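Visitor: First to last, the protein sequences are chains A and B.
Last residue of the first sequence? That's 571 in our numbering, and every number before it is there in order.
Last residue of the second sequence? That's 571 in our numbering, and every number before it is there in order.
No residue lacks a Cβ here, since even glycine has one placed at the ideal position from N, Cα and C.
This one's a predicted model, so the numbers in the text were calculated from it and none came from an experiment.
There are 2 protein chains.
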Amino acid sequence: MEIPLLVTDFLSRAAALYPEKVAIIDGEQRLTYAEFERRSKRLAQALVHAGVEKGDRVCILSPNSHFFLESFYGVSQIGAVLVPLNYRLVAGDHEYIINHAGVKVLLVDQDYVEMIDAIREALGSVTTWVVAQEDQEAPAGWVNWERWIAGAPDRALPDPGLRETDLVSINYTSGTTARPKGVMLSHRNCYLNAYNLTVHLGVCHDDVALWTLPMFHCNGWGGVYALTGLGATHVVLRSVDAQAIFGLIEGHGVTFACMAPTVLNTILEYSGRDRHTITTRPRFVVAGAPPPAAFIERLEKELGWDFIEIYGLTETSPLLTVTPVDHLTRREDYGRRSRAGIPVTGVALKVCDEQGIPVSQDDRAIGEVCARSNVIFEGYWKQPQATAEALRDGWFHTGDLATWDASGSINIVDRKKDVIISGGENISSPELEAVLYEHPSVLECAVIGVPDARWGETPKALVVRRQGGEASEAELITFCRERLAHFKCPTSVAFLEALPRTATGKLQKFKLREQYWESQSKRVN
Amino acid sequence: MEIPLLVTDFLSRAAALYPEKVAIIDGEQRLTYAEFERRSKRLAQALVHAGVEKGDRVCILSPNSHFFLESFYGVSQIGAVLVPLNYRLVAGDHEYIINHAGVKVLLVDQDYVEMIDAIREALGSVTTWVVAQEDQEAPAGWVNWERWIAGAPDRALPDPGLRETDLVSINYTSGTTARPKGVMLSHRNCYLNAYNLTVHLGVCHDDVALWTLPMFHCNGWGGVYALTGLGATHVVLRSVDAQAIFGLIEGHGVTFACMAPTVLNTILEYSGRDRHTITTRPRFVVAGAPPPAAFIERLEKELGWDFIEIYGLTETSPLLTVTPVDHLTRREDYGRRSRAGIPVTGVALKVCDEQGIPVSQDDRAIGEVCARSNVIFEGYWKQPQATAEALRDGWFHTGDLATWDASGSINIVDRKKDVIISGGENISSPELEAVLYEHPSVLECAVIGVPDARWGETPKALVVRRQGGEASEAELITFCRERLAHFKCPTSVAFLEALPRTATGKLQKFKLREQYWESQSKRVN
Numbered sequence: 047m048e049i050p051l052l053v054t055d056f057l058s059r060a061a062a063l064y065p066e067k068v069a070i071i072d073g074e075q076r077l078t079y080a081e082f083e084r085r086s087k088r089l090a091q092a093l094v095h096a097g098v099e100k101g102d103r104v105c106i107l108s109p110n111s112h113f114f115l116e117s118f119y120g121v122s123q124i125g126a127v128l129v130p131l132n133y134r135l136v137a138g139d140h141e142y143i144i145n146h147a148g149v150k151v152l153l154v155d156q157d158y159v160e161m162i163d164a165i166r167e168a169l170g171s172v173t174t175w176v177v178a179q180e181d182q183e184a185p186a187g188w189v190n191w192e193r194w195i196a197g198a199p200d201r202a203l204p205d206p207g208l209r210e211t212d213l214v215s216i217n218y219t220s221g222t223t224a225r226p227k228g229v230m231l232s233h234r235n236c237y238l239n240a241y242n243l244t245v246h247l248g249v250c251h252d253d254v255a256l257w258t259l260p261m262f263h264c265n266g267w268g269g270v271y272a273l274t275g276l277g278a279t280h281v282v283l284r285s286v287d288a289q290a291i292f293g294l295i296e297g298h299g300v301t302f303a304c305m306a307p308t309v310l311n312t313i314l315e316y317s318g319r320d321r322h323t324i325t326t327r328p329r330f331v332v333a334g335a336p337p338p339a340a341f342i343e344r345l346e347k348e349l350g351w352d353f354i355e356i357y358g359l360t361e362t363s364p365l366l367t368v369t370p371v372d373h374l375t376r377r378e379d380y381g382r383r384s385r386a387g388i389p390v391t392g393v394a395l396k397v398c399d400e401q402g403i404p405v406s407q408d409d410r411a412i413g414e415v416c417a418r419s420n421v422i423f424e425g426y427w428k429q430p431q432a433t434a435e436a437l438r439d440g441w442f443h444t445g446d447l448a449t450w451d452a453s454g455s456i457n458i459v460d461r462k463k464d465v466i467i468s469g470g471e472n473i474s475s476p477e478l479e480a481v482l483y484e485h486p487s488v489l490e491c492a493v494i495g496v497p498d499a500r501w502g503e504t505p506k507a508l509v510v511r512r513q514g515g516e517a518s519e520a521e522l523i524t525f526c527r528e529r530l531a532h533f534k535c536p537t538s539v540a541f542l543e544a545l546p547r548t549a550t551g552k553l554q555k556f557k558l559r560e561q562y563w564e565s566q567s568k569r570v571n
Numbered sequence: 047m048e049i050p051l052l053v054t055d056f057l058s059r060a061a062a063l064y065p066e067k068v069a070i071i072d073g074e075q076r077l078t079y080a081e082f083e084r085r086s087k088r089l090a091q092a093l094v095h096a097g098v099e100k101g102d103r104v105c106i107l108s109p110n111s112h113f114f115l116e117s118f119y120g121v122s123q124i125g126a127v128l129v130p131l132n133y134r135l136v137a138g139d140h141e142y143i144i145n146h147a148g149v150k151v152l153l154v155d156q157d158y159v160e161m162i163d164a165i166r167e168a169l170g171s172v173t174t175w176v177v178a179q180e181d182q183e184a185p186a187g188w189v190n191w192e193r194w195i196a197g198a199p200d201r202a203l204p205d206p207g208l209r210e211t212d213l214v215s216i217n218y219t220s221g222t223t224a225r226p227k228g229v230m231l232s233h234r235n236c237y238l239n240a241y242n243l244t245v246h247l248g249v250c251h252d253d254v255a256l257w258t259l260p261m262f263h264c265n266g267w268g269g270v271y272a273l274t275g276l277g278a279t280h281v282v283l284r285s286v287d288a289q290a291i292f293g294l295i296e297g298h299g300v301t302f303a304c305m306a307p308t309v310l311n312t313i314l315e316y317s318g319r320d321r322h323t324i325t326t327r328p329r330f331v332v333a334g335a336p337p338p339a340a341f342i343e344r345l346e347k348e349l350g351w352d353f354i355e356i357y358g359l360t361e362t363s364p365l366l367t368v369t370p371v372d373h374l375t376r377r378e379d380y381g382r383r384s385r386a387g388i389p390v391t392g393v394a395l396k397v398c399d400e401q402g403i404p405v406s407q408d409d410r411a412i413g414e415v416c417a418r419s420n421v422i423f424e425g426y427w428k429q430p431q432a433t434a435e436a437l438r439d440g441w442f443h444t445g446d447l448a449t450w451d452a453s454g455s456i457n458i459v460d461r462k463k464d465v466i467i468s469g470g471e472n473i474s475s476p477e478l479e480a481v482l483y484e485h486p487s488v489l490e491c492a493v494i495g496v497p498d499a500r501w502g503e504t505p506k507a508l509v510v511r512r513q514g515g516e517a518s519e520a521e522l523i524t525f526c527r528e529r530l531a532h533f534k535c536p537t538s539v540a541f542l543e544a545l546p547r548t549a550t551g552k553l554q555k556f557k558l559r560e561q562y563w564e565s566q567s568k569r570v571n
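1) Threshold first: 4 residues or longer. Then list the alpha helix (DSSP H) segments lying entirely within the stretch 328 to 376 of chain B, N to C.
2) Quick one: what's got a C-beta closer than 6 Å to residue 57 of chain B's C-beta in the same chain, skipping five residues either side?
3) Between the beta-carbon of residue 218 of chain A and the beta-carbon of residue 143 of chain A, is there less than 8 Å?
4) For the stretch 146 to 164 of chain B and the stretch 172 to 179 of chain B, state whether three or more C-beta atom pairs, one from each stretch, are separated by less than 8 Å.
5) Taking the CB atoms as reference points, tell me whether residue 241 of chain B and residue 390 of chain A lie closer together than 8 Å.
6) Give the straight-line distance between the Cα atoms of residue 212 of chain B and residue 299 of chain B, rounded to the nearest whole angstrom.
7) Ordered along the chain, which non-local residues of its own chain (more than five positions away) have a Cβ less than 8 Å from that of residue 195 of chain A?
8) Residue range of the beta strand (DSSP E) that residue 68 of chain A falls in?
9) Measure the alpha-carbon distance for residue 347 of chain B versus residue 542 of chain B and round it to whole angstroms.
10) Can at least three beta-carbon pairs, one atom from the stretch 371 to 379 of chain A and one from the stretch 267 to 287 of chain A, be found at a separation below 8 Å?
11) Distance, Cα to Cα, residue 349 of chain B vs residue 524 of chain A?
12) Whose Cβ in chain A lies nearer than 9 Å to the Cβ of residue 404 of chain B?
13) To the nearest whole angstrom, what separates the beta carbons of residue 333 of chain B and residue 313 of chain B, a pair I think is in contact under 8 Å?
14) Contact defined as beta carbons within less than 8 Å: I believe residue 591 of chain A pairs with residue 456 of chain A. What is the distance between those atoms, to the nearest angstrom?
15) Name the chain B residues whose beta carbon is nearer than 8 Å to that of residue 420 of chain A?
16) Taking a Cβ distance cut-off of 8 Å, strictly less, list which residues of the stretch 63 to 85 of chain B are near chain A, in chain order.
17) Considering only residues of the same chain and omitting the five flanking positions on each side of residue 254 of chain A, which have a CB-CB separation below 8 Å?
18) Using a Cβ-Cβ cutoff of 9 Å, what residues of the stretch 228 to 244 of chain B are near chain A? List them in chain order.
19) If we call anything under 8 Å between Cβ atoms a contact, is residue 231 of chain A one with residue 363 of chain A?
20) What are the complete beta strand (DSSP E) segments, minimum 3 residues, inside the stretch 152 to 203 of chain A?
21) What would DSSP say about residue 420 of chain A, mapped onto helix, strand or coil?
22) Tell me, please, whether the CB atom of residue 211 of chain A is closer than 8 Å to any CB atom in chain B?
23) At 8 Å on the CB atoms, spell out the chain B contacts of residue 469 of chain A, in chain order.
24) Could you compute how far the alpha carbon of residue 527 of chain A sits from the alpha carbon of residue 454 of chain A?
25) For residue 123 of chain A, which residues of its own chain have a beta-carbon under 6 Å away from its beta-carbon, when the five flanking residues on both sides are left out?
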């Protein structure tokens with residue numbers, strides 16, 4: 047018997063089996079699974095009433111909220127496609143994405159109404175403007191979410207006749223220099239990723255998950271589906287704030303959270319932790335740049351919590367690899383545990399050269415990470431050329447550079463476009479950054495390549511010092527040279543107030559490089 | 047990107063990531079994952095050399111062994127179909143199955159060579175006769191497994207171009223009165239079942255799994271795939287023996303085992319347990335007839351191990367339901383924990399009447415369990431009519447009768463053909479048996495319906511007394527009447543030396559009923 051693998055099954059299961067259990071805690075609000083399902087269905091009915099049909103795009107622009115969680119299931123169950131917007135983008139980006147995706151209905155948190163109103167005239171495809179807020183008067187030109195769903199006829203929903211390869215969402219990548227690209231994720235992609243999240247991160251019914259990750263970011267890595275399917279509890283965090291995080295962990299017995307490394311840093315740096323009594327042992331799952339081993343050690347030793355590193359991209363739903371504590375990886379081997387790790391079930395990986403030939407598994411040779419799996423996206427929306435570049439020879443080319451060892455464990459050394467090539471040697475900036483983070487004065491850092499007459503490029507460290515941290519340029523360079531091959535070490539250090547990051551916490555190294563390369567004719571010497 | 051979900055991926059992953067880890071412990075033998083993969087590939091090469099092509103059937107008749115585990119992967123990777131035989135069947139059954147399936151190659155444990163030789167002339171489709179034994183002289187007409195695979199050319203295997211709906215195996219049901227039926231399971235069936243096993247039974251890399259379940263039985267419920275995919279260790283048990291079980295748990299640090307209730311009983315009754323020092327806390331997963339609550343309590347309190355009840359059939363790959371300890375089920379609620387439980391992810395269930403309409407979720411109304419899922423089989427091999435009866439209106443009809451409660455938890459009350467109907471009332475024999483098991487004299491029991499002039503049928507208890515147990519018929523009837531509605535209670539008791547069971551430990555009630563119904567024109571009054 048073949049039944050399409052549809053992500054809507056996850057909410058149906060929880061609502062049938064655990065109708066009275068608390069599904070969502072959002073501020074003072076508590077929604078049970080029955081209410082979560084009922085509200086998602088009312089949203090679906092309102093969308094149908096507004097003329098949304100199978101395949102139509104519905105946009106949501108919102109911080110984490112119960113509305114956001116409802117939008118996933120409300121939109122999917124009628125076969126429409128969710129386009130979650132990154133709320134840290136500027137109005138021009140939103141305009142581009144909404145028009146590029148041809149969005150019919152906009153679901154917008156009240157804090158972003160003004161921003162959308164400023165570009166409203168340019169959004170020709172949008173027919174319905176819904177503001178996510180409690181039951182109150184909507185601004186002019188908008189309809190209040192609660193009144194909108196209350197006003198929709200309570201009629202049986204049309205069966206969209208979905209296949210598992212139909213789209214769940216188009217997730218626009220946060221983008222750096224180029225225009226954002228729309229990553230098309232299917233039900234099959236998301237369903238199998240949810241299984242992998244459950245299997246490899248030990249997601250279970252008893253989990254209380256804190257949403258430290260923005261929900262727009264690759265559908266919360268699949269947590270929207272995996273946690274729901276097992277009837278776990280979602281605790282909404284609207285914006286990252288250390289005190290709020292500790293308060294919610296303490297207050298709701300949080301056991302699980304996914305986050306970018308920068309959030310982990312925020313947590314480690316929080317000075318008020320002694321005011322909280324935390325009795326759970328949350329699993330903190332981190333992706334993005336590999337965190338320095340020192341972060342892991344501090345999380346586990348100082349806080350007594352568990353750390354798991356994963357690796358993936360929006361294009362991969364996202365889970366590709368994980369580093370479990372297993373017979374090859376001791377708990378105390380923090381260096382190894384900061385690696386991207388080994389492929390999860392159903393994922394084939396290779397680290398290969400430009401010709402697609404695997405590089406040596408000696409953990410020294412650098413190649414591009416390529417993946418083959420059912421979690422790989424269906425292509426970029428309306429960008430056949432970009433799709434063909436990314437998906438070629440049967441493999442997805444991630445653009446991430448890595449080494450791998452004999453056990454198949456992957457270590458991301460850089461984005462392909464961020465690697466430093468100095469005198470013909472590849473230098474991994476994360477490796478250098480990990481060493482710098484061991485220095486007590488270093489709060490945040492980034493290493494980039496800057497022009498050098500002799501070597502082409504040379505590494506430069508950009509450092510945000512901790513309050514009271516006094517380390518000088520010379521001291522930091524010496525610190526690195528005592529710990530790393532000299533050719534890898536920074537030849538200069540600059541001190542900054544803060545580092546530029548994307549909405550998901552990735553360093554925007556291109557912005558840092560900008561000033562050093564302005565006068566150069568090309569970006570890499 | 048769509049890649050077929052193929053069960054062969056599970057071994058490929060483990061062999062790539064954990065080549066040096068012990069995959070299989072079989073007596074004195076230890077096979078690493080690299081060896082497991084290499085031997086499976088050699089088997090595949092030998093099969094190809096013997097003329098086996100995609101879709102051809104290969105039979106294995108063997109107790110649990112490393113050969114058996116190898117046969118799953120060796121056969122699947124060339125797209126052939128494994129037919130695992132139940133070694134407790136008689137020669138006539140084997141003859142029927144081998145011919146019905148049109149088997150080309152026979153893989154037979156040395157203990158079963160004689161039995162097959164007796165029917166050899168009747169097995170017209172078989173071209174190759176392989177005996178599973180260490181490297182030694184094979185009996186006449188047979189080739190030794192080791193020499194056979196050693197003699198095959200070490201050539202690249204043909205790519206069978208498998209789709210996920212292609213068959214992994216044809217598993218003949220153990221059968222009662224009718225001829226065994228061949229359950230066709232596809233890669234997709236088995237792959238998704240393996241995910242469910244992992245998710246709902248918490249299978250992990252660190253598991254050391256004891257094969258108390260016969261591997262022929264529904265491919266070891268998917269343990270062949272799930273445990274392998276995560277790189278757990280298989281500990282082979284050739285035949286059920288309490289001392290061996292305790293010795294292996296002690297010696298190898300077993301953490302996980304699946305079994306029929308009868309094996310659980312064997313373990314609980316083992317008098318030598320104090321001679322073993324067991325430091326792990328194994329999870330014992332039980333399916334088949336719901337075990338009496340008393341079994342669960344004894345396992346958890348006396349032995350300190352964990353119990354999990356599941357429910358499923360060969361036709362369902364098999365996992366349909368599980369009873370987790372969750373916010374609705376306290377650990378100490380042994381009655382509830384002996385229920386079949388709630389559907390796993392990706393499984394829709396209903397308990398319905400003859401018209402397919404769900405019966406009331408009041409845990410009293412009895413109906414047939416029907417399921418809709420990707421783990422439901424593809425049909426019975428060459429039996430379109432039986433297939434059409436089982437798979438109709440989009441649902442698989444299990445033939446099991448159950449009640450369900452408001453939370454969707456299922457309680458199996460009987461096989462449809464075993465239910466006792468007395469004076470128009472349905473009586474669940476397992477409910478009665480559970481009460482009888484609470485009596486200290488009762489070692490084993492079965493309740494059947496026997497003819498009754500007034501009520502049509504009336505319940506009769508067949509009891510095997512514990513050594514020294516002296517309870518009389520009258521005492522046991524009174525014991526039941528103190529605990530159950532009187533109409534449900536047995537009106538007579540007979541004492542037996544043993545109960546007839548199938549190979550997988552299911553009671554063969556039809557054999558017990560036989561003698562009481564011989565003189566009757568129909569089986570149910």
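Guide: Let me lay it out:
1) 339 to 344
2) What you label residue 57 of chain B is simply residue 11 of the second sequence in a count that begins at 1. Excluding residues within five positions, the ones whose Cβ falls inside 6 Å are 83, 119 and 274.
3) Looking up residue 218 of chain A in the first sequence gives position 172. Looking up residue 143 of chain A in the first sequence gives position 97. Cβ atoms of residue 218 of chain A and residue 143 of chain A: closer than 8 Å.
4) yes
5) As a first step, residue 241 of chain B is located in the second sequence; it is residue number 195 there, counting from the start. As a first step, residue 390 of chain A is located in the first sequence; it is residue number 344 there, counting from the start. No, the pair does not count as a contact, with Cβ atoms beyond the cut-off.
6) Within the second sequence, the letter at position 166 stands for residue 212 of chain B. Within the second sequence, the letter at position 253 stands for residue 299 of chain B. If I take the Cα positions, the gap works out to 37 Å.
7) The count along the first sequence starts at 1 and reaches residue 195 of chain A at position 149. Hits under 8 Å: 85, 88, 89, 91 and 92.
8) As a working mapping, residue 68 of chain A is identified with position 22 in the first sequence. It spans 68 to 72 - the beta strand (DSSP E) in which residue 68 of chain A sits, taken as one unbroken run.
9) The residue labelled residue 347 of chain B in the question sits at position 301 within the second sequence. The residue labelled residue 542 of chain B in the question sits at position 496 within the second sequence. Rounded to whole angstroms, residue 347 of chain B to residue 542 of chain B spans 30 Å at the Cα level.
10) no
11) Residue 349 of chain B sits at position 303 when you count from the first residue of the second sequence. Residue 524 of chain A sits at position 478 when you count from the first residue of the first sequence. Approximately 60 Å, taken between the alpha carbons.
12) Here residue 404 of chain B refers to the residue found at position 358 when the second sequence is read from its first residue. Result: empty, since nearest Cβ-Cβ is about 12 Å, beyond 9 Å.
13) Within the second sequence, the letter at position 287 stands for residue 333 of chain B. Within the second sequence, the letter at position 267 stands for residue 313 of chain B. Not quite, the Cβ-Cβ distance comes to about 15 Å (not below 8 Å), so this is no contact.
14) Beyond the ends of chain A as shown, which are 47 and 571, falls residue 591 of chain A; an answer cannot be given.
15) Here residue 420 of chain A corresponds to residue number 374 of the first sequence, with the count starting at 1. Under the 8 Å cutoff, chain B gives 47, 48, 49 and 51.
16) 63, 64 and 67
17) Along the first sequence, read from residue 1 onward, the residue named residue 254 of chain A stands at position 208. Result list for residue 254 of chain A: 278, 279, 281, 298, 299, 300, 301, 302 and 326, in chain order.
18) 232, 234, 235, 237, 238, 240, 241, 242 and 244
19) Residue 231 of chain A sits at position 185 when you count from the first residue of the first sequence. Residue 363 of chain A sits at position 317 when you count from the first residue of the first sequence. A contact, by the Cβ cut-off of 8 Å.
20) 174 to 178
21) Mapped onto the first sequence, residue 420 of chain A falls at position 374. Reduced to three states, the DSSP call for residue 420 of chain A is coil.
22) By one-based count along the first sequence, residue 211 of chain A stands at place 165. Cβ-Cβ to chain B under 8 Å: yes for residue 211 of chain A.
23) Locating residue 469 of chain A in the first sequence gives position 423, where the first residue counts as 1. What residue 469 of chain A touches in chain B: nothing, since even the nearest Cβ is about 35 Å away.
24) Taking the first sequence and counting its residues from 1, one reaches residue 527 of chain A at position 481. Taking the first sequence and counting its residues from 1, one reaches residue 454 of chain A at position 408. Taking the straight line joining both Cα atoms gives about 29 Å.
25) Against the first sequence, residue 123 of chain A aligns to sequence position 77. If we look at residue 123 of chain A and ignore the five residues flanking it on each side, its Cβ neighbours are 54 and 90.
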